[in-house]
Amino acid sequence: MNYTLNPVDNLAPLAKAMIPILSICGDSDKTVPMAENAGLVQKRYKELGGQIEVIVKPNCNHHPHSLKDPTPIVEFILGHTKKIQ
Numbered sequence: 034m035n036y037t038l039n040p041v042d043n044l045a046p047l048a049k050a051m052i053p054i055l056s057i058c059g060d061s062d063k064t065v066p067m068a069e070n071a072g073l074v075q076k077r078y079k080e081l082g083g084q085i086e087v088i089v090k091p092n093c094n095h096h097p098h099s100l101k102d103p104t105p106i107v108e109f110i111l112g113h114t115k116k117i118q
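Quick note on the numbering used here: the sequence shown kicks off at 34 and runs consecutively.
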């Protein structure tokens, strides 16, 4: 996608503010392909010094959005919450 307000082109303020990102995606997503979205965000965010964790669900299309076990999501949130308290 190529437009001015594309979030992938506006990650610098988030990285500068040290906002961690968690992305969960399917490796077979045809609606929002990983390489063009989460993969690109991951690459650019790391280049900007940002912290990003991508959880890839194998053989998964766009749905379901959740994980069978939400533990990694909870751990990510709690881990980063502790850092800012």
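Cβ atoms here follow ideal geometry from the backbone N, Cα and C, with glycine treated the same way.
- With contact defined as three or more Cβ pairs closer than 8 Å, the segment 52-59 and the segment 83-98 are in contact.
- Per DSSP, reduced to three states, the secondary structure at G82 is coil, with no helix or strand assignment.
- Secondary structure note for L38: it is in no alpha helix (DSSP H), with a DSSP letter that is neither H nor E.
- Taken atom to atom, the span from the alpha-carbon of V74 to that of L100 is near 20 Å.
- Cβ contact annotation for G112 (same chain, cutoff 7 Å, sequence separation greater than five): none.
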